[in-house]
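S.K.: Just dropping this structure here.
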Amino acid sequence: MTSGTAGQSKKIKVRYFAWVRERVGKPEEEIEPPAGVATIAELMAWLADQGEHYAYAFENPKVIRAAIDRNHVRSEARIEGAGEIAFFPPMTGG
Amino acid sequence: MPAIIRLQREPIAMAAEVEKLVGARKDVGAVVTFTGICRADENGAPIAALTLEHYPGMAEAEIARHVEEAYARWPLLAALVIHRYGRIVPGEDIVLVATASSHRQAAFAAAEFLMDYLKTRAPFWKQVESAGTTAWVEAKSADDTAAERWSAPPPQSDAAK
Numbered sequence: 098m099t100s101g102t103a104g105q106s107k108k109i110k111v112r113y114f115a116w117v118r119e120r121v122g123k124p125e126e127e128i129e130p131p132a133g134v135a136t137i138a139e140l141m142a143w144l145a146d147q148g149e150h151y152a153y154a155f156e157n158p159k160v161i162r163a164a165i166d167r168n169h170v171r172s173e174a175r176i177e178g179a180g181e182i183a184f185f186p187p188m189t190g191g
Numbered sequence: 011m012p013a014i015i016r017l018q019r020e021p022i023a024m025a026a027e028v029e030k031l032v033g034a035r036k037d038v039g040a041v042v043t044f045t046g047i048c049r050a051d052e053n054g055a056p057i058a059a060l061t062l063e064h065y066p067g068m069a070e071a072e073i074a075r076h077v078e079e080a081y082a083r084w085p086l087l088a089a090l091v092i093h094r095y096g097r098i099v100p101g102e103d104i105v106l107v108a109t110a111s112s113h114r115q116a117a118f119a120a121a122e123f124l125m126d127y128l129k130t131r132a133p134f135w136k137q138v139e140s141a142g143t144t145a146w147v148e149a150k151s152a153d154d155t156a157a158e159r160w161s162a163p164p165p166q167s168d169a170a171k
């Protein structure tokens with residue numbers, strides 16, 4: 098896999114909720130991770146490297162939950178083809 | 011699969027909602043309603059209010075998936091889930107779940123199932139406001155345990171796979 102090849106990376110909408118949103122400092126953004134970033138776990142690791150706010154938000158990726166296109170997914174889920182990815186803490190509704 | 015799923019800022023008009031759900035049907039023999047209410051304390055400390063954040067779009071979709079699952083597991087005739095978001099003060103309602111069936115067992119079980127899944131799978135997050143500060147409520151492992159007891163796959167979804 099060649100990273101940076103034209104057409105390999107694609108813009109993805111990312112949304113953050115609750116304290117993940119507060120730590121990142123924004124509710125959503127468009128990101129363009131390199132082609133080597135294939136899973137949710139790899140995306141969290143890549144995001145954690147994007148500055149101190151991100152490092153703080155993703156310092157303990159095990160506690161962060163993710164959704165792809167509004168469906169819960171595990172950290173090993175592949176992000177290829179995702180339109181919208183969300184990161185958030187364990188849910189506390191009801 | 012008659013179901014009402016709604017997110018709203020306003021307090022829930024419980025009696026009117028249940029009336030709308032069951033209406034003039036004569037096949038319903040049991041309606042179970044559960045109302046979640048904002049307490050004035052969290053972990054023993056007084057609170058001023060709760061603010062509920064949610065993931066618009068996914069919250070409705072996730073609730074709908076669990077209502078569908080409830081219909082697959084029990085002979086339901088109607089179901090309703092209304093969840094509030096925004097700022098809620100102690101004494102106000104947060105969530106209403108209602109399930110209707112011919113007999114009480116299905117209605118009780120389905121209401122409990124829906125609530126257990128709402129707690130752990132529906133994308134809502136509570137923030138507590140007290141004495142001028144705010145803090146995010148931490149997920150409770152007791153809620154995960156409550157949801158897990160339903161996770162033995164029902165025969166219907168086994169057959170579908």
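Protein sequence lines correspond, in order, to chains A and B. Residue numbers are given in the working numbering: position 31 of the first sequence equals residue 128, and the series is strictly consecutive. Residue numbers are given in the working numbering: position 94 of the second sequence equals residue 104, and the series is strictly consecutive. No residue lacks a Cβ here, since even glycine has one placed at the ideal position from N, Cα and C.
Below 8 Å on C-beta distance, what does A/R167 contact in chain B?
M.R.: Those are Y65, G67, M68, A71 and E72, listed as they occur along chain B.
S.K.: Is the Cβ of B/I14 closer than 8 Å to any Cβ of chain A?
M.R.: So, not an interface residue.
S.K.: Determine, using beta carbons only, whether B/W160 and B/W146 come nearer to each other than 8 Å.
M.R.: No, they are not a contact pair.
S.K.: Taking the C-alpha atoms as reference points, what is the distance between A/P124 and B/M125?
M.R.: For A/P124 and B/M125, the distance between alpha carbons rounds to 27 Å.
S.K.: Is the number of C-beta pairs between the region 29-39 of chain B and the region 157-172 of chain A that are closer than 8 Å three or more?
M.R.: The region 29-39 of chain B vs the region 157-172 of chain A: no contact.
S.K.: Which of helix, strand or coil does DSSP assign to B/P66?
M.R.: DSSP places B/P66 in coil when its eight states are reduced to three.
S.K.: Are there 16 or more other CB atoms within 10 angstroms of the CB of B/H76, so buried, or fewer, so exposed?
M.R.: With 16 or more other Cβ atoms within 10 Å, it is buried.
S.K.: Of the residues that make up the region 103-134 of chain B, which ones have a beta carbon closer than 7 Å to any beta carbon in chain A?
M.R.: So the list reads V105, M125, L128, K129, T130, R131, A132, P133 and F134, given in the order they occur along the chain.
S.K.: I need the boundaries of the alpha helix (DSSP H) containing B/E122, first residue and last residue.
M.R.: Segment R114 to R131, the alpha helix (DSSP H) holding B/E122.
S.K.: Please classify B/V91: is it buried, with 16 or more other beta-carbons within 10 angstroms of its beta-carbon, or exposed?
M.R.: With 16 or more Cβ atoms within 10 Å of its Cβ, B/V91 is classed as buried.
S.K.: Grab me the residues of B/A13's own chain with a C-beta within less than 6 Å of its C-beta, minus the 5 sequence neighbours each way, in chain order.
M.R.: So the qualifying residues of the chain are V77 and A89.
S.K.: Using a Cβ cut-off of 8 Å (strictly closer), state whether B/W84 contacts chain A.
M.R.: Output row for B/W84: interface = no.
S.K.: I want to see whether chain B comes within less than 8 Å of A/T102, judged by CB atoms only; does it?
M.R.: With a pLDDT of only 46 at A/T102, under 50, the local geometry of the prediction cannot be trusted, and the value read off the model is given with reservation. With 8 Å as the cut-off, A/T102 does not count as an interface residue toward chain B.
S.K.: With a threshold of 6 Å on Cβ separation, who are the neighbours of B/W63 within its own chain once the five nearest residues in sequence on each side are excluded?
M.R.: Looking at the sequence itself, residue 63 of chain B is Glu, so the reference to Trp does not match. Hits under 6 Å: W135.
S.K.: Can you give me the start and stop residues for the beta strand (DSSP E) that A/A132 sits inside?
M.R.: Neither: A/A132 is in no beta strand (DSSP E) and is coded neither H nor E.
S.K.: Within 8 Å of any Cβ in chain B, is that where the Cβ of A/W143 sits?
M.R.: Answer no: the Cβ-Cβ gap between A/W143 and chain B never drops below 8 Å.
S.K.: Which one or two residues does DSSP pair with B/R75 in a beta bridge?
M.R.: Partner(s): none; B/R75 has no beta bridge.
S.K.: Report, in whole angstroms, the separation of the C-beta atoms of B/I15 and B/I73, which I expect to be a contact under 8 Å.
M.R.: That belief holds up - the Cβ atoms of B/I15 and B/I73 are roughly 5 Å apart, short of 8 Å.
S.K.: Please list, in chain order, the residues of the region 38-58 of chain B that have any C-beta partner in chain A closer than 8 Å.
M.R.: Listed by position along the chain: G46.
S.K.: From this set, B/V138, B/K150 and B/D153, which residue's C-alpha is nearest B/A58's C-alpha?
M.R.: That would be B/V138, whose Cα lies nearest to the Cα of B/A58.
S.K.: Should A/A115 be labelled buried (16 or more other beta-carbon atoms within 10 Å of its own) or exposed?
M.R.: With 16 or more other Cβ atoms within 10 Å, it is buried.
S.K.: Can you name, in chain order, every residue of its own chain whose Cβ lies under 6 Å from the Cβ of A/K107, other than the five neighbours on each side?
M.R.: Contacts found: none.
S.K.: Here's the rule I'm using: 16 or more other beta-carbon atoms within 10 Å means buried, otherwise exposed. How should B/I22 be labelled?
M.R.: With 16 or more other Cβ atoms within 10 Å, it is buried.
S.K.: Could you pull the DSSP bridge partners for B/I15 from this structure?
M.R.: In the DSSP output, where bridge partners are listed per residue, B/I15 has B/V91.
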